[in-house]
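Numbering of the sequence shown is given in the working numbering, commencing with residue -9 and proceeding in unit increments.
For every residue, glycine included, the Cβ atom is placed at its ideal position computed from N, Cα and C.
Here the structure is a predicted model, which is why all the values come from computation and not from measurement.
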Amino acid sequence: METTTNLRDVFAAEDTNAVARKKDHIELAFKSQVKENQVDKRFYYEPVLSKHPDKNTLPHFQFLGKTMRSPLWVSSMTGGTELANKINHNLARACQDFGMGMGLGSCRSLLYSDEYLKDFNVRPLIGNNLPLYANLGIAQLEQLVDNNEYYIIENLINKLNADGLIIHVNPLQEWLQPEGDRFKYAPIDTIKRLIDRLDLKIIVKEVGQGMGYESLKALFQLPLEAIDFAANGGTNFAKLELLRSNEMKQVIYGQLANVGHSAEDMVGITNQVLAELGHKALCKQVIISGGIQSFLDGYYLINKLQTNCVYGQASAFLKHARGSYEELYDYVDAQIEGLELANAFLKVR
Ligand SMILES: Cc1cc2nc3c(=O)[nH]c(=O)nc-3n(C[C@H](O)[C@H](O)[C@H](O)COP(=O)(O)O)c2cc1C
């Protein structure tokens, strides 16, 4: 059939870059070789089954009792500096714009002063309909529990209008941190004491080392709101504290940074633990985090994990959250478009 004059004009108008494009193709072809061993074997690529995705088509879902519009979590980061204020405010705005949840960085300073409250006070930006969690270390919680000062935790949650508390459990970080704390009790016992005394949604996380089978099995049997992996493979606080420490410590403890569990390892262990526990599992929600580089890693892992989950990133967001809000917006927008593309064309093997 002859192409109509009308359509010929449309094709011509749509192909204005044809000459430059063809030249690019010839010049860039040799730089665009992918070796067989670089092919990503995690997915089946199914190009014939979907059209290109429309924008804002990720399915909404319930997580931590709220409706999320993206399966993304802003992992706990910092407060207490001028830059942290900007970072937290940018991140909270992005959560509202894209329907993500957010964990605040350690709110330890708010236990004794409200000087930095404004850095953490992002509920007005994220809004009431998305999850926002406060964050404290197990070392501070040990002290509060020992002193029966549960009201201080409740005050913190109220002050921030948070949905609950993330507890970070970080024995290696504390051990290596020059000004680190020592735990008097096994963290699991402190967590149990908190659960017994507080009517509060609790999430437990590591800080970049992950957790093994026995720890996950113990935690999944508790009525926690979620477990956040904070796996090894990305930002690692054992390594970070060693960098702040002296040379002898760096030599002696250097290898410790490589110990732990990757997010993929933890997905496998969690599937096993949940299958073994069956109805004895009281915690059913997971934030997969630690070393998640991109939407592709996140998409793969949330599809592999057989329970309600999102994926979290810290350093990846941090990279784009220190400057203008527009930069962060563009970064998250691109991640979400990537997820939409993956939903359309990639099936996890
Ligand atoms: C600058 C920075 C500050 C952090 N502060 C905290 C914190 O206060 N509390 C906490 O639980 N985790 C903290 N983390 C750890 C992250 O929540 C996360 O578990 C870890 O960075 C691994 O994720 P990533 O590989 O995506 O960076 C921090 C991470 C970064 C990069």
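Residues near residue i in its chain [Cβ-Cβ closer than 7 Å; skip 5 each side]
i      : result
TYR35  : PHE335, LEU336
ASN293 : VAL338
TYR315 : ASN80, ARG83
PHE110 : GLY69, ASN78, LEU94, CYS97, LEU100, LEU150
CA nearest to the CA of residue i, picked from the options
i      : options                        : result
THR71  : LEU54, GLU105, PRO61, LYS41    : GLU105
ASN119 : PHE110, ASN78, ARG172, PHE51   : PHE51
LEU358 : PRO121, GLU139, ALA74          : The requested residue 358 does not occur in the structure, where the chain is confined to residues -9 to 339.
GLY223 : PHE173, GLU169, SER284, SER103 : SER284
ILE217 : SER40, LEU155, ASN248, LYS270  : LEU155
ASN226 : LYS45, GLY244, TYR321          : GLY244
GLY281 : VAL64, PHE1, LYS25             : VAL64
ASN151 : ASP179, PRO114, ILE259         : PRO114
Residue(s) in a DSSP beta bridge with residue i
i      : result
MET256 : The partner list for MET256 (beta bridge, DSSP) is empty, contrary to what the question assumes.
TYR35  : LEU336
PHE53  : LYS56
ASP158 : The question names Asp, yet the displayed sequence has His at residue 158. BP columns for HIS158 point to GLY127, LYS195.
DSSP three-state assignment for residue i, whether helix, strand or coil
i      : result
VAL135 : helix
PHE173 : coil
LEU295 : coil
LYS191 : strand
GLY328 : helix
ALA10  : helix
LEU101 : helix
GLN130 : helix
LEU122 : strand
HIS392 : The requested residue 392 is not part of the displayed model; the chain covers only -9 to 339.
Other residues of its chain near residue i: CB distance less than 6 Å, five sequence neighbours each side excluded
i      : result
GLU317 : HIS310
GLU231 : GLN163, LEU166, GLN167
Own chain, CB closer than 8 Å to residue i, minus 5 neighbours either side, in chain order
i      : result
MET58  : HIS50, PHE51, GLN52, GLY89, MET90, GLY91, LEU120, PRO121, VAL300
TYR175 : GLU132
LYS56  : GLY91, ASN119, LEU120, PRO121, ASP153
PRO161 : PHE173, PRO177
(message) Suppose only complete runs of 3+ residues qualify. What are the beta strand (DSSP E) ranges in the segment 56 to 81, listed by chain order?
(response) 56 to 58, 62 to 64
(message) Just to confirm the assignment: which complete beta strand (DSSP E) runs, minimum length 3, are found wholly within the segment 203 to 244?
(response) The segment 203 to 244 contains these whole beta strand (DSSP E) runs: 216 to 218.
(message) For a minimum of 3 consecutive residues, which ranges assigned as the beta strand (DSSP E) are wholly contained in the segment 259 to 288?
(response) 275 to 279
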